[in-house]
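Visitor: Quick one: the structure is below, questions incoming.
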Amino acid sequence: MQNTEQKIIDLIKKNFPNGVRADFIDANKIFRLYAANYNEEISRDKIIETICKNGVENGGRYYFISSSKVEELQKLFAGILEKNSIAYYSEIYEKHADFFTRLQIFSIDVLKDFLPELNDGNFYFGEFCAANESAWLELEISRIFASTEKPVRLETLQKNFPYVPAKKILEALSKKYLPVEGGYFPISKLQFDTEEIDAAKNRLLKILAQNKYASFEDCDLSSNFELNPEVSEKNLREVIFKKFFADELDKRGNRIFKKGSKNNVSYFMPDLRKFVAARQELSTDELFNFAESLGTTTRHIPLNAANELMIRVEKNFFVKDSLINFDVEGIDAALNPFVQGKIIPLRAVTSFTGFPAVGAYTWNLFLLESFLRRFSKKYSLMAAGANVNNSNAGAIFPNSLKFKDYLDLQVAAVIQEKIPLEKSAVENFLVEQGYRVTKTDKVTNEIISEIARRQEKI
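If you read the sequence shown in my numbering, its first letter stands for residue 4, the second for the next number, and so on.
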């Protein structure tokens, strides 16, 4: 490291214990300190360069830790890892808050950024540290269970792992252990009557050959319950389903379905359409509850059925078509100033002042979406799917424009607005304007690749 650079770092460590910003104001402070301490010239650009190069950035500030503080950190972690096989930073920071405050380490992120400087032979991973490179919480827990034939209580595990959050212990337990009276019990030690299980599965498959779903409670597993008296029937059923049934069948609550049918659109749509068609008014709660009674929690399926046959007059309410008489030409005319022959996001319609009245209902983006889906003669609406998240994401465009799918439309929108072909720029445009709800790497990459391909052809 150059001598000038080290002088700058020493001044920062001595005078900026709470971090320093890589801006003109702090650079000017260091400039004056440097002039007062050393008889030589230095540029502010050099100071900023040194800060960015050597500091640990967090929350807009750069932090520097002295060698004496590094030694204190080494002692702390050596003491913790001498007695504990694994330690999470969140627990270390909480249990030693005063220590870190004294060292001006004010967040876990800053602490983690300094850990590589310790170079003490310990191993520092993403969330935890350990003295052994092969340390793994699930493995450490399994060693405790292997030392006893009895159930192990959560309190016992917490006592053995004082630097592991209870949430992490519970996550590890959920993979291979069952809650029983007196603590947790290894699934690997359960006993199974496979003949009884095979018979139960065959019975379910026969029922499903004639019905959409079957009840798991109808399966006779009494022999398995007798083999494992320490485990509740409910928990044992769950284990048996995952171990012996899940490859062929799906489960929702107590209902069993053929694999892949539970969220299949064509599987549920006839019943959903029949339910929706019989209603004059329909709340989304009623719609989703009925869909769940059929066995699907995928909300875009029932919303698609409602959008086909009803008008969504507000976020949580649909009405039958006959209850609204749209002035189609008047509404299309009111949209003209917003669309102007281009692609626009649905959310770009920010005022309904010029829209014709719709009876007892009030204009909003949900009602506009329904109008555009099925009634407009001049404009169309496309979206990534049904408005599940109530975000009003989607695009309006003249019928004269044709798109093969919504990805094709997003490509056209990015080209239309001359957005730079950078991932962040494209994602920010599509999400912030309301074409999409979330940033999705795969979609963004496909959009950028397609635009680049088209540009190559020009």
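Just so you know, even glycine gets a beta-carbon here, dropped at the ideal spot from N, CA and C. Please read all numbers here as calculations on a predicted model, not as lab measurements.
Of the choices F128, I50 and Q343, whose alpha-carbon is the least far from that of Y91?
Guide: Mapped onto the sequence shown, residue 91 falls at position 88. Out of F128, I50 and Q343, F128 has the C-alpha closest to the C-alpha of Y91.
Visitor: Output yes or no for whether 9 Å exceeds the beta carbon distance between F80 and D123.
Guide: Taking the first residue of the sequence shown as 1, we reach residue 80 at position 77. Taking the first residue of the sequence shown as 1, we reach residue 123 at position 120. Result yes, Cβ atoms of F80 and D123 sit closer than 9 Å.
Visitor: Rounding to the nearest angstrom, what Cα-Cα distance links Q323 and V316 in this structure?
Guide: Here residue 323 refers to the residue found at position 320 when the sequence shown is read from its first residue. Here residue 316 refers to the residue found at position 313 when the sequence shown is read from its first residue. The question names Gln, but residue 323 is Lys in the sequence shown. Their backbone Cα atoms lie some 10 Å apart in a straight line.
Visitor: Can F117 and V23 be called in contact, C-beta distance under 9 Å?
Guide: For this step, residue 117 is matched to residue 114 along the sequence shown. For this step, residue 23 is matched to residue 20 along the sequence shown. The answer is no: Cβ separation not under 9 Å.
Visitor: Check for me: the alpha helix (DSSP H) holding P401 runs from which residue to which?
Guide: Numbered from its first residue, the sequence shown carries residue 401 at position 398. Unbroken run through P401 is the beta strand (DSSP E), A398 to P401; no alpha helix (DSSP H).
Visitor: Q107: which of C132, I68 and S88 sits nearest, CA to CA?
Guide: Mapped onto the sequence shown, residue 107 falls at position 104. That would be I68, whose Cα lies nearest to the Cα of Q107.
Visitor: Is there contact here, the region 245–257 with the region 275–283, by at least three beta-carbon pairs under 8 Å?
Guide: Contact fails: fewer than three Cβ-Cβ distances are below 8 Å.
Visitor: Using three-state DSSP, classify R3 as helix, strand or coil.
Guide: Nothing can be reported for residue 3, as the shown portion of the chain is limited to 4 through 461.
Visitor: Nearest CA to the CA of T300: which residue from A308, N307 and F291?
Guide: Within the sequence shown, numbered from 1, the residue matching residue 300 stands at position 297. Considering only alpha carbons, the answer is F291.
Visitor: Touch check for the region 69–78 and the region 37–48: three-plus C-beta pairs under 8 Å?
Guide: Touching, no, given that fewer than three Cβ pairs across the two stretches are closer than 8 Å.
Visitor: Just verifying my parser: in three-state terms, what is the DSSP assignment at Y409?
Guide: Working through the sequence shown from its first residue, we reach residue 409 at position 406. Reduced to three states, the DSSP call for Y409 is helix.
Visitor: Pull up the distance between the alpha-carbon of F126 and that of K56, whole angstroms please.
Guide: Within the sequence shown, the letter at position 123 stands for residue 126. Within the sequence shown, the letter at position 53 stands for residue 56. Cα-Cα distance, rounded: 25 Å.
Visitor: Taking the C-alpha atoms as reference points, what is the distance between G298 and R240?
Guide: Mapped onto the sequence shown, residue 298 falls at position 295. Mapped onto the sequence shown, residue 240 falls at position 237. Roughly 19 Å separates the two Cα atoms.
Visitor: Suppose the cutoff is 6 Å on Cβ atoms and the five residues either side in sequence are ignored; what does the same chain contact list for L193 look like?
Guide: Counting from one through the sequence shown, the residue named residue 193 turns up at place 190. The residues are N231.
Visitor: What does the alpha-carbon distance come out to for the pair F321 and D444?
Guide: Locating residue 321 in the sequence shown gives position 318, where the first residue counts as 1. Locating residue 444 in the sequence shown gives position 441, where the first residue counts as 1. If you take the alpha carbons of F321 and D444, they lie about 34 Å apart.
Visitor: Tell me the rounded alpha-carbon separation between L384 and L370.
Guide: Counted from its first residue, the sequence shown places residue 384 at position 381. Counted from its first residue, the sequence shown places residue 370 at position 367. Looking at the two C-alpha atoms, the distance is approximately 12 Å.
Visitor: In terms of residues, what are the limits of the beta strand (DSSP E) holding L384?
Guide: Your numbering for residue 384 matches position 381 in the sequence shown. Looking at the DSSP string, the run of the beta strand (DSSP E) that includes L384 is Y382 to M385.
Visitor: With a threshold of 9 Å between beta carbons, is K32 in contact with chain C?
Guide: Absent from the structure: chain C. Only one protein chain is present.
Visitor: Answer yes or no: do F329 and P348 have a C-beta to C-beta separation smaller than 9 Å?
Guide: Start at 1 with the first residue of the sequence shown, and residue 329 comes out as number 326. Start at 1 with the first residue of the sequence shown, and residue 348 comes out as number 345. The answer is no: Cβ separation not under 9 Å.
Visitor: Can you give the Cα-Cα distance for N214 and D274, rounded to whole angstroms?
Guide: For the purposes of this step, residue 214 is identified with residue 211 of the sequence shown, where counting begins at 1. For the purposes of this step, residue 274 is identified with residue 271 of the sequence shown, where counting begins at 1. Taking the straight line joining both Cα atoms gives about 13 Å.
Visitor: On a CA-only basis, which of Q413, D408 and G437 is nearest N390? Give me that one, please.
Guide: Against the sequence shown, residue 390 aligns to sequence position 387. Closest by alpha carbon: G437.
Visitor: Is the distance from the Cβ of E143 to the Cβ of I89 below 9 Å?
Guide: Counted from its first residue, the sequence shown places residue 143 at position 140. Counted from its first residue, the sequence shown places residue 89 at position 86. Against a cut-off of 9 Å, the Cβ pair of I89 and E143 comes out as a contact.
Visitor: Between E233 and E158, how many whole angstroms is the CB-CB distance? I'm expecting something under 8 Å.
Guide: The sequence position of residue 233 within the sequence shown is 230, counting from 1. The sequence position of residue 158 within the sequence shown is 155, counting from 1. In fact, because the Cβ distance is near 19 Å, the residues do not count as touching under 8 Å.
Visitor: Within a Cβ cutoff of 7 Å, which residues of the same chain sit near M4, ignoring the five residues on either side of it in sequence?
Guide: Indexing the sequence shown from 1 puts residue 4 at position 1. Legend: pLDDT at M4 = 44, less than 50; position of this residue unreliable, no value from coordinates given.
Visitor: Please classify G256: does DSSP put it in a helix, a strand, or coil?
Guide: Locating residue 256 in the sequence shown gives position 253, where the first residue counts as 1. Coil, per DSSP.
Visitor: Which ranges would you report for the alpha helix (DSSP H) in the region 92–161 if only whole runs of at least 4 residues count?
Guide: Listed in chain order, the complete alpha helix (DSSP H) runs (minimum 4 residues) inside the region 92–161 are 92–98, 100–105, 111–117 and 140–149.
Visitor: When you compare each of T53, R146, V417 and V73 to Q458 by their alpha carbons, which one comes out closest?
Guide: On the sequence shown, position 455 is the one that residue 458 refers to. Residue V417 is the option with its Cα nearest to Q458.
Visitor: Could you give the distance in angstroms between the alpha-carbon of E141 and the alpha-carbon of I210?
Guide: Sequence index remark: in the sequence shown, residue 141 carries index 138 (1-based). Sequence index remark: in the sequence shown, residue 210 carries index 207 (1-based). Each residue's alpha carbon lies about 39 Å from the other.
Visitor: Counting C-beta neighbours from all protein chains within 10 Å, is the total for K78 16 or more, i.e. buried, or is it exposed?
Guide: Residue numbering aside, residue 78 sits at position 75 when the sequence shown is read from its first letter. When all chains shown are included, K78 counts as exposed.
Visitor: Alpha carbon to alpha carbon, how far is R376 from L412? Give it in angstroms, no decimals.
Guide: Taking the first residue of the sequence shown as 1, we reach residue 412 at position 409. Taking the first residue of the sequence shown as 1, we reach residue 376 at position 373. Computed Cα separation, rounded: 16 Å.
Visitor: So, are the CB atoms of T53 and E8 less than 9 Å apart?
Guide: As a first step, residue 53 must be located in the sequence shown, where it is residue number 50. As a first step, residue 8 must be located in the sequence shown, where it is residue number 5. A contact, by the Cβ cut-off of 9 Å.
Visitor: If we count the other Cβ atoms within 10 Å of its Cβ and call it buried at 16 or more, is I28 buried or exposed?
Guide: Position 25 of the sequence shown, counting from 1, holds the residue named residue 28. Counting Cβ neighbours within 10 Å, I28 comes out exposed, since fewer than 16 surround it.
Visitor: Who are the Cβ neighbours of D380 in its own chain at under 7 Å, not counting the five residues just before and after it?
Guide: One-based indexing of the sequence shown puts residue 380 at position 377. According to the sequence provided, residue 380 is Lys. The question's Asp does not apply to it. Answer for K380: V331 and D335, listed in chain order.
Visitor: Would a C-beta distance cut-off of 9 Å place L404 and I454 closer than the cut-off?
Guide: In the sequence shown, the residue the question calls residue 404 occupies position 401. In the sequence shown, the residue the question calls residue 454 occupies position 451. No; because the gap between Cβ atoms is not below 9 Å, this pair is not in contact.
Visitor: Quick test of your reading: N319 and T287, contact by CB under 8 Å. State the CB separation rounded to the nearest angstrom.
Guide: Taking the first residue of the sequence shown as position 1, residue 319 is located at position 316. Taking the first residue of the sequence shown as position 1, residue 287 is located at position 284. Contact holds; Cβ gap of about 4 Å.
Visitor: Please report the straight-line C-alpha distance between F148 and A249, rounded to a whole angstrom.
Guide: Here the question's residue 148 lines up with position 145 in the sequence shown. Here the question's residue 249 lines up with position 246 in the sequence shown. Cα-Cα distance, rounded: 27 Å.
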